[in-house]
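Colleague:
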Amino acid sequence: MSKFSTLLALLSVLPALSHAQSAVYAQCGGIGWTGDTTCVSGSVCTVLNDYYSQCLPSSATTGSTSTVASTSTVTPTSTTSVSTTTGSSTGTATSTSATSTSTAAAGNPFAGYEMYPSPLYSSEVAAAAAAMTDADLAAKAASVAQIPTFTWLDTVAKVPSLGDLLANATALQASSGQKQIVPIVVYDLPDRDCAAKASNGEFSIADGGEQDYYGYIDQIVAQIEKHPDVRVVAVIEPDSLANLVTNLSVEKCANAETTYKACVTYALNQLATVGVYMYMDAGHAGWLGWPANIQPAATLFAEMYQSANSSPFVRGLATNVANYNALQASSPDPITQGDPNYDELLYIEALGPMLSSAGFPAQFIVDQGRAGQQNLRQAWGDWCNIKGAGFGMRPTTDTPSSLIDAIVWVKPGGESDGTSNSSSPRFDSTCSLSDATQPAPEAGTWFQAYFETLVSQANPSL
Ligand code: BGC
Numbered sequence: 007m008s009k010f011s012t013l014l015a016l017l018s019v020l021p022a023l024s025h026a027q028s029a030v031y032a033q034c035g036g037i038g039w040t041g042d043t044t045c046v047s048g049s050v051c052t053v054l055n056d057y058y059s060q061c062l063p064s065s066a067t068t069g070s071t072s073t074v075a076s077t078s079t080v081t082p083t084s085t086t087s088v089s090t091t092t093g094s095s096t097g098t099a100t101s102t103s104a105t106s107t108s109t110a111a112a113g114n115p116f117a118g119y120e121m122y123p124s125p126l127y128s129s130e131v132a133a134a135a136a137a138m139t140d141a142d143l144a145a146k147a148a149s150v151a152q153i154p155t156f157t158w159l160d161t162v163a164k165v166p167s168l169g170d171l172l173a174n175a176t177a178l179q180a181s182s183g184q185k186q187i188v189p190i191v192v193y194d195l196p197d198r199d200c201a202a203k204a205s206n207g208e209f210s211i212a213d214g215g216e217q218d219y220y221g222y223i224d225q226i227v228a229q230i231e232k233h234p235d236v237r238v239v240a241v242i243e244p245d246s247l248a249n250l251v252t253n254l255s256v257e258k259c260a261n262a263e264t265t266y267k268a269c270v271t272y273a274l275n276q277l278a279t280v281g282v283y284m285y286m287d288a289g290h291a292g293w294l295g296w297p298a299n300i301q302p303a304a305t306l307f308a309e310m311y312q313s314a315n316s317s318p319f320v321r322g323l324a325t326n327v328a329n330y331n332a333l334q335a336s337s338p339d340p341i342t343q344g345d346p347n348y349d350e351l352l353y354i355e356a357l358g359p360m361l362s363s364a365g366f367p368a369q370f371i372v373d374q375g376r377a378g379q380q381n382l383r384q385a386w387g388d389w390c391n392i393k394g395a396g397f398g399m400r401p402t403t404d405t406p407s408s409l410i411d412a413i414v415w416v417k418p419g420g421e422s423d424g425t426s427n428s429s430s431p432r433f434d435s436t437c438s439l440s441d442a443t444q445p446a447p448e449a450g451t452w453f454q455a456y457f458e459t460l461v462s463q464a465n466p467s468l
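Start counting the sequence shown at 7; every next residue gets the next number (the working numbering).
This is the structure we're talking about:
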């Protein structure tokens with residue numbers, strides 16, 4: 007990544023200015039865009055896709071405002087040597103842009119890399135273990151701190167901490183010689199969690215949230231650009247696109263559709279400029295895996311991939327994030343009846359070919375962090391602090407399918423899914439169902455009793 011040069015610095019920094027003026031490389035149009043549509047002298051507003059137009063230098067364009075086929079994708083030097091351990095067929099992709107030409111070796115981005123554990127989560131876990139009186143349980147609990155878990159950037163205030171995370175990972179990489187990959191979750195859409203309440207976020211579409219979101223992404227890009235030696239992998243916006251597949255009957259989701267697409271497009275394009283490997287969230291088998299949903303889902307995800315100009319950094323999809331489904335169920339949970347895709351492997355192997363047919367050669371990662379125990383739920387749609395859940399399979403690139411890059415822990419086990427306090431503005435009735443552990447604190451905050459169960463029910467055991 008030392009090849010990140012002046013050009014990349016420019017690409018990364020200028021978006022931060024993009025909403026005050028239409029400078030070179032700033033956004034100048036697209037569905038939902040309300041800012042300036044003219045560009046500074048020497049650049050032309052160029053349509054990259056329906057959701058994103060950008061001021062590109064006149065000398066770099068063909069003279070038309072609609073013929074530039076691709077945004078710039080920048081390839082970390084090291085990606086050229088990565089090969090997949092799972093027999094991925096994605097191969098090598100070439101992206102030509104108006105401003106640079108890059109070749110990405112789009113093998114498994116996890117291969118050859120060690121996932122850097124989140125210090126924030128590790129400290130939560132250490133404190134939780136220290137509070138346990140049962141010595142055996144406490145020792146098992148403490149071991150969770152070593153298991154790499156994604157860091158959620160669920161508010162803009164958390165973005166500066168990404169800089170520390172990347173600096174620490176860079177230092178470890180330098181001292182150990184072991185290449186580090188830092189896993190993050192991009193999670194701050196305006197009108198977030200449109201079909202539920204528990205994870206409603208800080209930005210509102212009615213109150214300028216789309217522009218706020220662009221600023222949030224710009225800040226993430228700026229942090230990553232400052233730490234080019236480590237690799238970053240990101241899950242993009244849990245639940246958002248899945249809600250657009252099945253929940254457009256919910257007014258808040260219907261209202262958010264255009265904005266979600268514009269924001270995700272922006273995230274994909276901007277994060278690609280700093281070489282982030284991305285997996286868009288694809289719900290889970292019990293959501294988009296149903297026969298009526300899976301093809302519409304494939305169509306939408308392919309559309310989003312294409313909105314990022316088929317960047318090889320948009321590696322694929324993440325499934326089962328914060329959910330409880332098995333990767334391979336030994337027998338179908340009775341609640342899955344009617345869905346032939348009753349576990350994540352079946353879902354992925356059904357969805358993968360549909361995506362390929364739609365032009366998206368997607369690879370997958372699967373969250374198994376809380377999937378150690380099965381047959382716990384009253385209904386497949388239940389998602390809140392499910393009783394009896396245990397930590398699941400450990401993160402690995404040794405997976406049962408060539409479509410799966412890695413088994414991962416995305417949801418930090420022990421952080422709540424939502425409050426059971428019915429007087430909270432973010433109370434979702436799902437969190438007071440009989441299969442939800444109660445009393446439960448607000449989403450994302452520490453839930454000690456729940457963590458203890460995850461530890462004691464871990465499968466494989468800790
Ligand atoms: C919450 C986020 C939190 C994440 C991980 C989500 O349900 O809304 O605030 O960061 O879970 O625990």
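Ideal Cβ positions, reconstructed from N, Cα and C, are used throughout, including at glycine.
Please confirm whether any heavy atom of the ligand BGC lies closer than 7 Å to the CB of Glu421.
Modeller: Distances between the C-beta of Glu421 and the heavy atoms of the ligand BGC include at least one below 7 Å.
Colleague: Quick one: does the C-beta of Asp245 sit closer than 7 Å to a heavy atom of the ligand BGC?
Modeller: No, Cβ of Asp245 sits at least 7 Å from all heavy atoms of the ligand BGC.
Colleague: Buried or exposed: where does Pro123 fall if 16 or more other Cβ atoms within 10 Å of its Cβ makes it buried?
Modeller: buried
Colleague: For my contact list, Gly375 and Thr155 are in at a C-beta cut-off of 8 Å; report their separation, rounded to the angstrom.
Modeller: 7 Å
Colleague: Should Asp160 be counted as a contact of the ligand BGC given a C-beta to heavy atom distance under 7 Å?
Modeller: yes
Colleague: Please report the residue range of the alpha helix (DSSP H) in which Pro431 lies.
Modeller: Per DSSP, Pro431 belongs to no alpha helix (DSSP H) and is neither H nor E.
Colleague: Answer yes or no: the CB of Pro418 versus the heavy atoms of the ligand BGC, is any distance below 7 Å?
Modeller: yes
Colleague: Taking 7 Å as the line, does the beta carbon of Ala395 fall inside it for any heavy atom of the ligand BGC?
Modeller: no
Colleague: According to DSSP, is Gly93 part of a helix, a strand, or is it coil?
Modeller: At Gly93, the pLDDT of 27 sits below 50, so the modelled position is not reliable and the matter cannot be decided from this model.
Colleague: Rounded to the nearest angstrom, what separates Gly97 and Ala314 at their Cα positions?
Modeller: Residue confidence for Gly97 is low, a pLDDT of 29 falling below 50, so the modelled location carries little weight and cannot support an answer.
Colleague: Suppose only complete runs of 4+ residues qualify. What are the alpha helix (DSSP H) ranges in the region 178-261, listed by chain order?
Modeller: 215-232 and 246-252
Colleague: Is it buried or exposed, Ser422, if we count other Cβ atoms within 10 angstroms and call 16 or more buried?
Modeller: buried
Colleague: Do the CB positions of Ala248 and Leu178 come within less than 8 Å of each other?
Modeller: Going by C-beta atoms, Ala248 is not nearer than 8 Å to Leu178.
Colleague: Taking the alpha-carbon positions, what's the Glu355 to Leu409 distance?
Modeller: 7 Å
Colleague: Check whether the region 259-266 touches the region 136-143, taking contact to mean three or more Cβ pairs, one atom from each stretch, closer than 8 Å.
Modeller: Verdict: no, contact absent.
Colleague: Any heavy atom of the ligand BGC within a distance shorter than 7 Å of the CB on Ala248?
Modeller: With a cut-off of 7 Å, the C-beta of Ala248 is classified as distant from the ligand BGC, since no heavy atom of the ligand falls inside that distance.
Colleague: Quick one: residues in its chain with C-beta nearer than 6 Å to the C-beta of Ala328, no 5 flanking neighbours on either side, listed in chain order?
Modeller: Lys417
Colleague: Which class does Thr52 belong to by DSSP, given the choice of helix, strand or coil?
Modeller: strand
Colleague: Looking only at DSSP bridge pairs, what is Leu159 linked to?
Modeller: Under the DSSP definition of a beta bridge, Leu159 partners with Val192.
Colleague: In this structure, what does DSSP give as the bridge partners for Ile392?
Modeller: Ala442
Colleague: Assuming Gln444 and Ser435 form a contact by the criterion Cβ under 8 Å, report the distance between their Cβ atoms to the nearest whole angstrom.
Modeller: The Cβ separation is near 12 Å, so there is no contact.
Colleague: Residue range of the beta strand (DSSP E) that Ala303 falls in?
Modeller: Here Ala303 belongs to no beta strand (DSSP E); instead the alpha helix (DSSP H) covers Pro297 to Ser313.
Colleague: Within 10 Å of its beta-carbon, does Gln369 have 16 or more other beta-carbons around it, so buried, or fewer, so exposed?
Modeller: Buried is the call here.
Colleague: Any heavy atom of the ligand BGC within a distance shorter than 7 Å of the CB on Ala151?
Modeller: no
Colleague: Alpha carbon to alpha carbon, what distance is there between Gln184 and Thr83?
Modeller: Unreliable positioning characterises Thr83 in this predicted model, as indicated by a pLDDT of 28, which lies under 50. The coordinate reading is nonetheless provided below. Those two C-alpha atoms are separated by around 16 Å.
Colleague: What's the gap between the Cα of Phe209 and the Cα of Ser317?
Modeller: 27 Å
Colleague: Might you give, ordered along the chain, the residues of its own chain that have their beta carbon closer than 7 Å to the beta carbon of Tyr219, omitting 5 neighbours on each side?
Modeller: Taken in chain order, the residues that qualify are Asp194, Leu195, Pro196, Phe209 and Cys269.
Colleague: Nearest-angstrom Cα distance between Ser428 and Lys267?
Modeller: A direct Cα-to-Cα measurement between Ser428 and Lys267 gives close to 32 Å.
Colleague: Please report the residue range of the beta strand (DSSP E) in which Val414 lies.
Modeller: Ile410 to Val414
Colleague: Just the Cα atoms here: how many angstroms apart are Val192 and Gly378?
Modeller: 25 Å
Colleague: Are there 16 or more other CB atoms within 10 angstroms of the CB of Pro401, so buried, or fewer, so exposed?
Modeller: Around the CB of Pro401, 16 or more other CB atoms lie within 10 Å, so the residue is classed as buried.
Colleague: Can you pull the DSSP bridge partners for Thr325?
Modeller: In the DSSP assignment, the residues bridged to Thr325 are Val372.
Colleague: Is Ser129 near the ligand SAH, with its Cβ less than 7 Å from a heavy atom?
Modeller: With respect to small molecules bound, the structure shown includes the ligand BGC and not the ligand SAH.
Colleague: Rounded to the nearest angstrom, what separates Gly215 and Val165 at their Cα positions?
Modeller: Pairing Gly215 with Val165, the inter-Cα distance amounts to about 17 Å.
Colleague: Decide if Ala204 is buried, meaning its Cβ has at least 16 other Cβ atoms within 10 Å, or exposed.
Modeller: buried
Colleague: From Val227 to Pro340, what does the alpha carbon distance come to, in whole angstroms?
Modeller: 44 Å
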